[in-house]
Every structure is written in structure tokens, then in C-alpha cells.
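Colleague: Position in the sequence shown (from 1) plus 63 gives the number in the working numbering. Ideal Cβ positions, reconstructed from N, Cα and C, are used throughout, including at glycine.
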Amino acid sequence: MPDCPSVLRIGAFKAGLLAVLAFLALSVLLPTDAVAFIQDAGEATHQDAGADGGQASMDAGEHADDHGPLPPVWLVIPFIAILLMIAMGPLFFPYHWHHHYPKYAVGLGLSVATYYIFVMDSILPMEHAIAEYLSFIALVASLFIAASGVFVNINIKGTPRNNVILLFVASLIANVIATTGAAMLFIRSYMRLNRGRLKAYHIVFFIFLVANVGGALTPIGDPPLFLGFLRGVPFFWTLTHIWYIWLPATAMILGIFWFIDARNKEESPDPDPNEKTVSMIGTKSFIWVAIIIVSVFIDPNVFDWVPDLNELWHVPFGIREIIMLGVAFLAYATADREAFKRNEFHFEPIREVGWLFLGIFATMQPALQLIANFAQENADSLGVGTFYWSTGILSGILDNAPTYLNFMAAAMGKFALDVNSPEAVVLFANSIESTIFLQAISVAAVFFGAMSYIGNAPNFMVKAIAEANGVETPSFMGYILKYSIPILLPVYAVIYIIFFSGWVF
Numbered sequence: 064m065p066d067c068p069s070v071l072r073i074g075a076f077k078a079g080l081l082a083v084l085a086f087l088a089l090s091v092l093l094p095t096d097a098v099a100f101i102q103d104a105g106e107a108t109h110q111d112a113g114a115d116g117g118q119a120s121m122d123a124g125e126h127a128d129d130h131g132p133l134p135p136v137w138l139v140i141p142f143i144a145i146l147l148m149i150a151m152g153p154l155f156f157p158y159h160w161h162h163h164y165p166k167y168a169v170g171l172g173l174s175v176a177t178y179y180i181f182v183m184d185s186i187l188p189m190e191h192a193i194a195e196y197l198s199f200i201a202l203v204a205s206l207f208i209a210a211s212g213v214f215v216n217i218n219i220k221g222t223p224r225n226n227v228i229l230l231f232v233a234s235l236i237a238n239v240i241a242t243t244g245a246a247m248l249f250i251r252s253y254m255r256l257n258r259g260r261l262k263a264y265h266i267v268f269f270i271f272l273v274a275n276v277g278g279a280l281t282p283i284g285d286p287p288l289f290l291g292f293l294r295g296v297p298f299f300w301t302l303t304h305i306w307y308i309w310l311p312a313t314a315m316i317l318g319i320f321w322f323i324d325a326r327n328k329e330e331s332p333d334p335d336p337n338e339k340t341v342s343m344i345g346t347k348s349f350i351w352v353a354i355i356i357v358s359v360f361i362d363p364n365v366f367d368w369v370p371d372l373n374e375l376w377h378v379p380f381g382i383r384e385i386i387m388l389g390v391a392f393l394a395y396a397t398a399d400r401e402a403f404k405r406n407e408f409h410f411e412p413i414r415e416v417g418w419l420f421l422g423i424f425a426t427m428q429p430a431l432q433l434i435a436n437f438a439q440e441n442a443d444s445l446g447v448g449t450f451y452w453s454t455g456i457l458s459g460i461l462d463n464a465p466t467y468l469n470f471m472a473a474a475m476g477k478f479a480l481d482v483n484s485p486e487a488v489v490l491f492a493n494s495i496e497s498t499i500f501l502q503a504i505s506v507a508a509v510f511f512g513a514m515s516y517i518g519n520a521p522n523f524m525v526k527a528i529a530e531a532n533g534v535e536t537p538s539f540m541g542y543i544l545k546y547s548i549p550i551l552l553p554v555y556a557v558i559y560i561i562f563f564s565g566w567v568f
């Protein structure tokens, strides 16, 4: 990343945020007749679905979640383009890319939004993109700032054994403060622990475990699981049904890491005998982290007393997002400056994530719609394995939260159940016949988020923080071809064979 003064970085971040909000405000300013058209289509879809007895199959232009008419297949080209730019930009034109990537992200996103709004006369997919993006950036930005206000110093020698312990503990903590919170809290201390022997694979395995697989035990851990909780999946269902899948997967990844790390003959400095084993500066920032985690549950679907701002004012955010962005401001204003200094805190990582994912969220809507339509129309012929691999592979290149929800809706359609009914979701989660489908979808959405830098929110942020601290990281394609495919795919194949193929259990 280009080195620039912190004042300019903060100014760029604020300007970027204002530009994002201005772009997102398009949904509120659209002509009312366009909104009315979509609402009418939604009512017709609801009535047709009820008349068909809850079947998953629908007309090509309509969806169970009321996404509006289907886009043409070629509209996925901007999404493919932004993925290719993220992959090739830093390799082939790094200076140009680092200075102009916000323009490409916004330009490609606007191209898709313009087609939806002015050609298809359909605003709902963009409203979904806006709402999902605001929820995403509010959570990621607030946790990034709040967790960066805590300096964690681990005064031990960087060895394979100590690294395995740290990765395992951080993975467990990810279930309490989310993968984003755990990643922001531990990445810098993890890099310091391995100073003198820090390699690209250290960052990659940190992403594998702390930023993804680790957070599979609770709805707090990863966004897809929280979406399931909001739809009615019992809070402790994830822990009771996933832990015995999570444990061998985590053990296999840690075993592979230890095998690689043990061959790293470089050594980190010995620990300072005058310092504590674990010490922290800025612990007051944990208060802000706790407020952010609690605010995750401030949702109309969880508590009836929470007002639905979308229904009241037709805005693409809620009380939760307002609280998170407010906490982000307060966390920055009240943070311990010494902790910020030692963490080498600046806004470049969140700025990069914010701009790139703005383009990703907008351009991926056509792909999500087409995939959701296919899954719903073919749900009856799709088995557990298909749901596992389809949810997983698509979660690696699309946002894993909506991918999870789309395949969950399709799987429930196999049993004539409605994803919008909390009672039906509970039945789906606990029924002997259908539980394995929800297990497969949940595991795949969380685990496969580690397959690429854009599979889950903290992946790209960890990469950006590492690069800002001078650590070499794999390119977009290097990450996939050198690490995630040869390491993760065999692990996930073993998980499939044992738990979802029917060959073992």
C-alpha cells in the first residue's frame, strides 16, 4: 500500500464513507412507481407460492425471497471483472491499482445498479445489496477500530507448538467476539510472536482458522450462522450439531500447519524475562467490543420492541447499524493512543475493504439471483452432497451469508417448509430427515469462506494489515492455487466423506 500521512488516510476514509452513503441513498430517491411495481410483484409471488403448497419451484421471474425479475446471465460479467482485477491488479499494475481501485469498484457496481434500475425497472436487488453492505461495513469497521484499540503482547517464543496453541485459542474466542473481532485482536500479536520467522503461510493459516473455520460454533462467530439464528435456528443448535465436525476439521488444519511450521528453521527472539507472558494495553476498548457484539442482537426479528427502520422510514439500515457506526466513532475517539501506536493502526485496511466490497456486493447480485433461482427450481433433485459442495464453493467467491440463506431456503423447499417462518425453521433444524441438510449448509458456508480473500469479511482485512506491516502475502490467485485448494479442499473432502456422504455414518 502507498505510504501516506494518517490525516490523509482518515480523510480518504471519511470521504469514501460519504460517497458510499450517497450511492446507497439512490434506493430512497427512486420513483415510487418502480417501488410499487416490485411490491406488487412480491405480493403475487407470495400468493402463487401459497397456492402451490409451498413448493420450491417458481416462475423464472419470481423468487421465494421476492428478488424481482431474473437478470440476464451476461450481467455477471462485472462481478467476474472485479474478481479478475483483484487477482491481477496487485501483480501486473500494482501502482495503478493501489491508486485507482476505488474507481473500478464503484464503476462496476454502478454499471450493475444502473441496469437493474433503468433497464429492468427493478430496485429490490440493489436495496438488498445496500442493506447487506451497510450491515457488513458497520460490523467490520466497528470491530476493526475497537479491537485495534487493544494491544496484546504475548511474550513467548514463536515456535510451531506455541503457534498451534495461539491459533486454537483465537479460534475458540472467535465464537464469542466474531471472526472479525478475533482476527483484529490477535493478528498483530501473532505476527510479533513470529518476528524473524514470519512467512506467508503464517498469515494464510491465520485466515483459515481464526477468520473462518474457528467461528463455526455459535451464531456470533460468523455472519451466515447469525442469519440462520435470525430466521429461527435455535442459538445453541450450532454448537450441539457442529462441534464434532468443527473439532476434526480444526485439528486437521492445525496438524498441516504444524507440519509446515516445523520445517521453518528460522527462529524468533527469545521472550523477555522481565515481561509478563501475556500483557495488554487499552483494555477499556473491550467495552466497545462488547457493545458491538450485544448490538448484533438488536434486530426486529429477535426482539419485538426493536423498531424496523426499513418499514418506518424505508431506509436500508436499522438501529443495529446506527449503534455500530456510533461505537466505531467513540472507540476511535477514546482509544488508548499507545495501543494504537504499538498496533501501527491506520485506516488503510478498512478503506481497502470498504471500497472493494462495495463493488463486490453490488456486482454479485445477478449471480446470487441466478443461483437462488436454480437452487429453488431444482431443490427436489439436490442431495446433501450437492448442498454441501454448492454452498461451499459459492461461499468461497460470493458473500457466504446470502449464499447460506439462499441454499437454506432451497433445502427447506424440499420439505415444503417456508424459510420465512420461524416455526418451520425450528422444525427443519430439528427434524431427523432435514437436520443433515442444515448441518451441511452451515458447515460449508463457514468453512469454505476461507477459500479466497473475499470469501469472508476479515480475510481481506487480515491480508491488508499484514501487507501494511511489511509482511509478504500471497496474491489472490496464489492464495487459492497454492494454499486453499491443495490444503483446504482435501480437508473438506474428508469432512464430507465422514459426515455427509452416508458412507461412514
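Among all the DSSP beta bridges, which residues are the ones paired with Phe511?
Modeller: Answer is none; Phe511 lacks a bridge partner.
Colleague: Output yes or no for whether 9 Å exceeds the beta carbon distance between Gly345 and Val213.
Modeller: Yes.
Colleague: Could you give the DSSP three-state label for Phe214: helix, strand or coil?
Modeller: Note: Phe214 maps to strand in three-state DSSP.
Colleague: Between which residues of its own chain and Ala245 is the CB-CB distance below 6 Å, once the five residues before and five after are set aside?
Modeller: If we look at Ala245 and ignore the five residues flanking it on each side, its Cβ neighbours are Ala233, Ile236, Ala237, Val273.
Colleague: Comparing alpha-carbon positions, which option in Ile355, Arg405, Ala556 lies nearest Phe392?
Modeller: The shortest C-alpha separation from Phe392 is found at Ile355.
Colleague: Whole alpha helix (DSSP H) runs in the stretch 183–233 with 4 or more residues, listed along the chain?
Modeller: The stretch 183–233 contains these whole alpha helix (DSSP H) runs: 187–211.
Colleague: Assess, as a yes-or-no matter, whether the stretch 512–531 is touched by the stretch 188–204 under the definition of 3 or more beta carbon pairs within less than 8 Å.
Modeller: Yes: the two stretches touch, three or more of their Cβ pairs being nearer than 8 Å.
Colleague: By the DSSP assignment, the alpha helix (DSSP H) with Val169 in it spans what residues?
Modeller: From DSSP, the alpha helix (DSSP H) with Val169 extends over 157–177.
Colleague: Measuring straight from C-alpha to C-alpha, what distance separates Glu530 and Thr536?
Modeller: Their backbone Cα atoms lie some 7 Å apart in a straight line.
Colleague: Taking the alpha-carbon of Ile208 as reference, which of Trp309, Phe410, Ala168 has the nearest alpha-carbon?
Modeller: For Ile208, the nearest C-alpha among the options comes from Phe410.
Colleague: The beta strand (DSSP E) with Ile385 in it runs from where to where?
Modeller: That residue, Ile385, is in no beta strand (DSSP E); its alpha helix (DSSP H) goes 382–397.
Colleague: In angstroms with no decimal places, state the Cα-to-Cα distance between Leu388 and Ser205.
Modeller: Computed Cα separation, rounded: 6 Å.
Colleague: For the alpha helix (DSSP H) containing Met524, list its first residue and its last residue.
Modeller: Run containing Met524: 520–531, per the alpha helix (DSSP H) assignment.
Colleague: Near Trp160, what residues of its chain come up, given a Cβ to Cβ distance below 7 Å and the 5 sequence neighbours on each side ignored?
Modeller: The residues are Gly152, Pro153.
Colleague: Is it true that the stretch 559–567 meets the stretch 277–297, where meeting means three or more beta-carbon pairs spaced less than 8 Å apart?
Modeller: These segments do not touch.
Colleague: Rounded to a whole number of angstroms, what is the C-alpha to C-alpha distance between Tyr451 and Asp443?
Modeller: Roughly 15 Å between the two C-alpha positions.
Colleague: Less than 7 Å between C-beta atoms, sequence neighbours within five positions excluded: which residues of the same chain meet that for Val488?
Modeller: Result list for Val488: Arg294, Gly295, Val296, Val482, in chain order.
Colleague: Do the CB positions of Tyr253 and Leu229 come within less than 9 Å of each other?
Modeller: Yes, the pair counts as a contact, with Cβ atoms nearer than the cut-off.
Colleague: Do you know offhand how far Leu146's Cα is from Ala353's?
Modeller: Their Cα atoms are separated by approximately 34 Å.
Colleague: Helix, strand or coil: which one does DSSP assign to Met427?
Modeller: The answer is coil: DSSP assigns Met427 none of H, G, I, E or B.
Colleague: Alpha carbon to alpha carbon, what distance is there between Glu190 and Phe500?
Modeller: Approximately 29 Å, taken between the alpha carbons.
Colleague: With a 10 Å radius around its C-beta and 16 neighbouring C-beta atoms as the bar for buried, classify Val276 as buried or exposed.
Modeller: Per the 10 Å Cβ criterion, buried.
Colleague: For Tyr542, which residues from the same chain have a beta carbon less than 7 Å from its beta carbon, with the 5 sequence-adjacent residues on both sides left out?
Modeller: Around Tyr542: Val267, Ser515, Tyr516.
Colleague: Please confirm if the stretch 466–476 is in contact with the stretch 421–438, defined as three or more CB-CB distances below 8 Å between the two stretches.
Modeller: With a cut-off of 8 Å, the stretch 421–438 and the stretch 466–476 count as touching, because enough Cβ pairs lie within range.
Colleague: Based on Cα-Cα distance, which residue from Ile219, Asn441, Val341, Glu384 lies nearest to Ala472?
Modeller: Of the candidates Ile219, Asn441, Val341, Glu384, the one whose C-alpha sits nearest the C-alpha of Ala472 is Asn441.
Colleague: Sort out for me which residues DSSP pairs Val341 with in a bridge.
Modeller: Per DSSP, Ile217.
Colleague: Determine contact between the stretch 332–348 and the stretch 367–380, defined as no fewer than three beta-carbon pairs at a distance below 8 Å.
Modeller: Touching, no.
Colleague: Using only alpha-carbon positions, find the residue among Ile323, Phe403, Leu302 that is nearest to Val227.
Modeller: Nearest option by C-alpha distance: Ile323.
Colleague: Assuming Pro465 is part of the alpha helix (DSSP H), what are its boundary residues?
Modeller: Pro465 -> alpha helix (DSSP H) spans 463–477.
Colleague: Taking DSSP as the reference, what is the three-state secondary structure of Ile149?
Modeller: Helix, per DSSP.
Colleague: To the nearest angstrom, report how far apart Ala508 and Pro370 are at their CA atoms.
Modeller: Distance between the alpha carbons of Ala508 and Pro370 is about 29 Å.
Colleague: Report the rounded CA-to-CA distance for Ile460 versus Ile149, giving the unit in angstroms.
Modeller: Computed Cα separation, rounded: 12 Å.
Colleague: Quick check: what's the CA-CA separation for Ala492 versus Val390?
Modeller: Approximately 34 Å, taken between the alpha carbons.
Colleague: According to the Cβ coordinates, are Asn218 and Glu338 closer than 9 Å?
Modeller: Yes, the pair counts as a contact, with Cβ atoms nearer than the cut-off.
Colleague: Identify, in the order they occur along the chain, each residue of the same chain with its Cβ nearer than 6 Å to the Cβ of Val506, setting aside the five sequence neighbours on each side.
Modeller: These residues qualify, in order along the chain: Ile308.
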